[in-house]
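Here's the structure we're looking at; comments come further down.
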Amino acid sequence: MAVQTQTLPKPLDLAPVFKEAALAGLLTLALTVGLVGIRTIEAPGGLSFDTRFDDVAWAVVIVFLGRFALALTRAGRPLPALIGSAAVAAALTFLLLIGEGDPHGVLPFDDPIVSWIVVICAVGLAIRAAVVLGSVEAGSSKAADREQVMDRIAAQFQYATRWFGPLFAAFAIALPFLPFGDRQMVDLATLVLTYIMLGWGLNIVVGLAGLLDLGYVAFYAMGAYSYAMFATEFGFSFWLCLPIAGMLAASLGALLGFPVLRLRGDYLAIVTLGFGEMIRIILTNWWWFTGGPNGIGSIPRPTFFGLPFDRTPEEGAQAFHTFFGLEYESIHRVVFLYYLILVLALITNFFTLRVRRLPVGRAWEALREDEIACRALGINPTNTKLTAFAIGAMFAGFAGSFFATRQGFVSPESFTFIESAIILAIVVLGGMGSQVGVVLAALLLIGLPEFFRELETYRMLAFGAGMVLIMIWRPRGLLAHRDPTITLHHGAAAKAHR
Amino acid sequence: MEYFVQQLINGLTLGSIYGLIAIGYTMVYGIIGMINFAHGDIYMIGAFLSVITFLVLGTIGFTFIPLALIIMLLISVVLTAAYGWTVERIAYRPLRGSFRLAPLISAIGMSIFLQNYVQLLQGARNKPLQPIISGGVVLMEKDGLTAYMSYLQMVIIVLTIVLMAAFSYLIAKTSLGRAQRACEQDRKMASLLGVNVDRTISLTFVIGAALAAVAGLMVTLYYGVIDFFIGFLAGIKAFTAAVLGGIGSITGAMLGGVLIGLIEAFWSAYFSVEYKDLAAFSVLVLVLIFRPTGLLGKPEIEKV
Amino acid sequence: MSEAIAMLPTDARPLLIVEHLTMRFGGLVAIDDVSFAAGDGEITAIIGPNGAGKTTVFNCLTGFYKPTVGRLTLNRPDGQFLLEQMEGFRIPQLAGVARTFQNIRLFPGMSVLENLIVAQHNKLMRASGFTFAGLLGLPVYRNAERKAVELARYWLDRVNLIEQADWEAGNLPYGGQRRLEIARAMCTEPVLLCLDEPAAGLNPRESAELNELLLSIKAEQKIGLLLIEHDMSVVMGISDHIVVLDYGRKIADGTPEEIRNDPTVIRAYLGEEEEEALPPEVAQDLENLTKSD
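Chains as they are written, first to last, in the working numbering: chain Y, 1 to 498; chain W, 499 to 802; chain C, 803 to 1095.
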């Protein structure tokens, strides 16, 4: 016992620890008493309310205990914090598992997910305490070390994509024929791929060129509406509409980008947001041209190079299934759409990978790193940014066409700011400039909530929290890692970035 | 003429509200150079807290309106300020010195979080509230057209003027204001000279949130209906106001707010109600393109 | 123009002629009617106390500022460029004026080699058929890129960074970053290289190496060098011509020998009351003290 007291840094003064925890609890009380404790209800005679002060009390207690554990860890006593939080986590997990179906038996929260979040936080505290405990015994461990570990993981991940990238693509191609590749699965995969494509497109603008574009959805809308109009008004086919939509979106990008691209980063972000909203307002109100809030319906569905996916094709025409001598199945169209977006997404990816190794791609990255140095090297900053902006817009336009043909219907509601924010979150979370990061983030943010329907309610909440946490924890994104586009010493590249 | 005066009054009222929110943007931008994208949502929270306080007061039988309003104001301001403080502490403070766009992205995340937080807790539907202050005076009347100023509009405009005066005093004369201005000029030097930079920045957020809460209360009374999404548009309009006035300048924020309010009122009255939000966005885009320093801002010399 | 040429103390061909350059920021006059010339194939140093307006001259020359008044003429054998009328990025692109920065501006996240390839952007952009040929992977572009890498390799060799070619530029030690910035500027194949305090922060050995590098660039590339420098050993050791600025005005102009003995210069550097010049080490220390940024 005597030995143990000697190893402790200094005698523990509990008063500041208590004070810190109590302040955190008090703050929680202030934050929750209004919005959590009292819920407004729309009653017939006006507004009434309902109280849930037990939730508030629990929140205060939980934050108090959590902060207490954290303060203890900071004060150099990680062991009790570790034991305490681990015990709480274990007990809660146990109760939650046996009490399934009756969440109120454990914590008063409506939704067991809230309780699970508490468990996760407790586990986090325990891990943190354990790390501190470990580092007291075995040297120091700093945030910088953690950053380096993450860098190494990201680098290895990037290296590994060389092998599992093609594998993943092969899996994606085979998906509709795999046992679990039913209609629902293919539909979900189509949705995820749409976001992957949008993410890759935005990655050119945000990840490579470093331009924060908060109005990316405007170009997506431009693509969707151009497709819808050309297809319904002029009866153009998908393959004709696709390039038109891409070009129009790119032109819109160039048009909007030209006056604003010399603005500083955060101003540019707000202006692009403004443009995105303006486009949406125009789409909503210019009803004779865009159909107003009702949008444009009965957009022709895509055909397999002229062969429609209809059960009964028009007189004299052949449908996909009759041409190939197949039984009619509605899933043919779903699978075709899936392959369509897969091809579009892969084109986006190959384009990006290729363009990174070309002068214009290197200039984008150089601009992101230092615009003034670029000017001193004779690079035209406005034109270079403009190409990034327009090319990113073009891919959004392609994705928009796909969206229109898949839905058969477009309306302004699909193109709100939140859509831009979701695409941005995919890029930011995955790691700016990282192609594989976008895939991972899209799977995580789009695919996962579809699997866990009960998470749906919390999806946007988690989006927001995720963006904040990623910025704090790893501002360049989970898998942010950059490989040089050209090397002098072959093989030495892996050694070079330490 | 009467119609014009009426729009002028409406615009001034609206502008006062935008101006109060805009101060939060401009102060934060001045001191740490970031766009606090979540500020609009702080204002939304302020509005919700005032509705909630009003409901509770009504239930416990508190019917003396002036006192009830003051209590609403106080509670909403204090609790909203707690949100302002917490947002800064959690989402922005750890990012000082990170790469330049990190705080903005974090702020966007925070904004999405707060919106959905309120939506989850309070529901997505509109929250209607019966009018608390009614009545007003007819200023002009001619050919059946009247220019009418409600007592509520008077309260809003007067309260805004009082707050502005108090706030200007705070910035110009108190030690907090000095600390704030010092941090704006040079944060490192200020901290070397003994200014508690963290605390000053926190207080900036607290003050900004408190003013936004006042604006939230005003909007609740003025429109009588709120929802979890009001922060987005109001936030952008107030930001536009801050940019128009010259970001970093507090007088500019107020001036910008009034101008945006007037533009919106006259645009809706003489041009098109559907496109009224387009007016604010167009002003934002045009100002940033042609005069990014705003009306009262100082030009920045590019450091090479 | 004749007036400026007359000021060239050597018999070199004037490459850059600055006439009546004035730069005002609001009420502040940063440069006040400065005229001088820089010879082709010579090293011209601009010296002066802090705040004398040296970097502002550079910023005007390289298009970051538009001078309030003045004419900046670059006389290339193949034509004349009026720099004050050109858009910033065109000055390096067309006129061939390259520069480095006082507080190094590399592309820190990109590799050392990539930094040098980006410097050859315009050439490569044309070779890649403005990206279209490059996307198709045509041999035109591949050959151009190979040549660009060769040029980069040459300069990496010259500045002793060949081993670190694949490092992230931001991971280089300070001295290496300074050298890389010079190599990067040289990769734009300039006719005039402007160096803003290249020796700042270097130790004596590195500083001596820098001198040799600059002298060899002058000898081999036959280009003009314009140098802002505080380190008097560098200035006196390598320059052919020195221009002294003080409070935005030119107070002296001549060969190092003339400048060393110019009483106005000594006064400007050491104050009115000081009669005798301090030894260079002490002057350097004084400089470093006053430079505390």
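C-beta atoms are modelled at their ideal positions from N, C-alpha and C, and glycine is treated no differently.
Since this is a predicted model, take the numbers as computed values, not measurements.
Selection from the options that minimises the alpha carbon distance to residue i
i              : options                         : result
V712 (chain W) : W:Y527, W:F502, W:I519, W:S747  : W:I519
G306 (chain Y) : Y:F336, Y:S330, Y:A189, Y:F18   : Y:F336
L555 (chain W) : W:M542, W:L572, W:A751, W:Y541  : W:L572
E821 (chain C) : C:T902, C:N924, C:T870, C:G1003 : C:T870
A579 (chain W) : W:S548, W:V636, W:I655          : W:S548
V355 (chain Y) : Y:L31, Y:V131, Y:E233, Y:G433   : Y:G433
V17 (chain Y)  : Y:I41, Y:V360, Y:T73            : Y:T73
G843 (chain C) : C:D1042, C:G865, C:A967         : C:D1042
M943 (chain C) : C:K925, C:L958, C:R960, C:Y956  : As written in the sequence, residue 943 (chain C) is Tyr, which differs from the Met given in the question. Taking only the C-alpha atoms, the option nearest Y943 (chain C) is C:K925.
Q502 (chain Y) : Y:Q158, Y:R152, Y:G84           : With chain Y covering only 1 through 498, there is no way to say anything about residue 502 (chain Y).
A376 (chain Y) : C:A971, C:R948, C:M888          : C:M888
T93 (chain Y)  : Y:R482, Y:R77, Y:V114           : Y:V114
L342 (chain Y) : Y:I470, Y:H321, Y:F402          : Y:F402
Bounding residues of the beta strand (DSSP E) (the contiguous stretch that carries residue i)
i              : result
K488 (chain W) : The question about residue 488 (chain W) has no answer, for chain W in this structure spans 499 to 802.
D370 (chain Y) : Premise fails: D370 (chain Y) is in no beta strand (DSSP E) and is neither H nor E.
E821 (chain C) : 816-827
L47 (chain Y)  : 46-51
D539 (chain W) : Segment 537-557 is the alpha helix (DSSP H) holding D539 (chain W); no beta strand (DSSP E) there.
Y646 (chain W) : 643-648
T875 (chain C) : 871-878
Test: residue i CB closer than 9 Å to a CB of chain Y
i              : result
K796 (chain W) : no
M525 (chain W) : no
F546 (chain W) : yes
G911 (chain C) : yes
S804 (chain C) : Its pLDDT being 45, under 50, S804 (chain C) is placed unreliably in this model, and the coordinates cannot settle the point.
W583 (chain W) : yes
I747 (chain W) : Inspection of the sequence shows that residue 747 (chain W) is occupied by Ser rather than by Ile. No, S747 (chain W) does not count as interfacial toward chain Y.
N945 (chain C) : no
Straight-line Cα distance separating residue j from residue i
i               : j               : result
L757 (chain W)  : G513 (chain W)  : 7 Å
I568 (chain W)  : V575 (chain W)  : 10 Å
R928 (chain C)  : V899 (chain C)  : 20 Å
V920 (chain C)  : G66 (chain Y)   : 51 Å
P412 (chain Y)  : T303 (chain Y)  : 25 Å
P176 (chain Y)  : P975 (chain C)  : 53 Å
E419 (chain Y)  : Y216 (chain Y)  : 9 Å
L26 (chain Y)   : R591 (chain W)  : 20 Å
F909 (chain C)  : R1051 (chain C) : 34 Å
F838 (chain C)  : G257 (chain Y)  : 41 Å
T524 (chain W)  : A740 (chain W)  : 6 Å
G582 (chain W)  : A589 (chain W)  : 11 Å
V1037 (chain C) : A250 (chain Y)  : 52 Å
N534 (chain W)  : V468 (chain Y)  : 13 Å
L198 (chain Y)  : L461 (chain Y)  : 21 Å
E983 (chain C)  : I543 (chain W)  : 51 Å
Q184 (chain Y)  : R333 (chain Y)  : 13 Å
Proximity test, Cβ basis, 9 Å: residue i and chain W
i              : result
M460 (chain Y) : yes
V438 (chain Y) : no
P103 (chain Y) : With a pLDDT of 49 at P103 (chain Y), under the threshold of 50, the modelled position of this residue cannot be trusted; read the value that follows with caution. With 9 Å as the cut-off, P103 (chain Y) does not count as an interface residue toward chain W.
F180 (chain Y) : no
D483 (chain Y) : no
V260 (chain Y) : yes
Residue range of the alpha helix (DSSP H) that includes residue i
i              : result
L198 (chain Y) : 183-203
N285 (chain Y) : 265-285
R960 (chain C) : 941-960
A680 (chain W) : 673-683
Below-9 Å beta-carbon distance, residue i vs any chain C residue
i              : result
A138 (chain Y) : Residue placement at A138 (chain Y) cannot be trusted, given a pLDDT of 49 that sits under 50; the coordinates are not used to answer.
Can you check the region 1012-1076 of chain C for any alpha helix (DSSP H) of at least 4 residues that lies completely inside it and give the ranges in chain order? 1034-1040, 1058-1062, 1065-1072
Starting from the N-terminal side, write out each stretch of the alpha helix (DSSP H) that is 4 residues or longer and does not extend beyond the region 59-99 of chain Y. 78-98
Which runs of the beta strand (DSSP E) at least 3 residues long sit entirely within the region 832-865 of chain C? Give them in chain order. 845-849
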